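Numbering (our numbering), first residue to last: 1480 to 1540.
Structure, as structure tokens:
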């Protein structure tokens, strides 16, 4: 399998900081990645009920 598991669906960069949304192609779960300077982190995106945002896994093939 040569396909990458995660795909970047959104990116915004400015002056050493970045906000990105990544999607797991196997599960459809979306993650928010935030970087500022030398630190950063990633967390699952959730809906208004606190459940993970899940899309169709075939959307990114």
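For every residue, glycine included, the Cβ atom is placed at its ideal position computed from N, Cα and C.
No experiment lies behind these values; they were computed from the predicted model shown.
Could you check if residue 1502 is buried or exposed, using at least 16 other CB atoms within 10 Å of its CB as the buried criterion? Stepping through the chain shown from its first residue, residue 1502 is reached at position 23. It counts as buried.
Enclosing beta strand (DSSP E) for residue 1514 [first to last residue]: For this step, residue 1514 is matched to residue 35 along the chain shown. Taken as a continuous stretch (DSSP letters only), the beta strand (DSSP E) holding residue 1514 covers 1509-1515.
If we define contact as Cβ-Cβ less than 8 Å, is residue 1482 a contact residue for chain C? Absent from the structure is chain C; it holds one protein chain and no more.
Give the range of the beta strand (DSSP E) segment to which residue 1485 is assigned. The residue labelled residue 1485 in the question sits at position 6 within the chain shown. Per DSSP, residue 1485 is one residue of the beta strand (DSSP E) stretching across 1485-1493.
By DSSP's criteria, residue 1499 is part of a beta bridge. Which residues make up the other side? Mapped onto the chain shown, residue 1499 falls at position 20. Residue 1499 is bridged to 1490 and 1512.
Rounded to whole angstroms, what is the Cα-Cα separation between residue 1486 and residue 1493? Within the chain shown, residue 1486 is the residue found at index 7, counting from 1. Within the chain shown, residue 1493 is the residue found at index 14, counting from 1. Looking at the backbone, the Cα of residue 1486 and that of residue 1493 are separated by about 21 Å.
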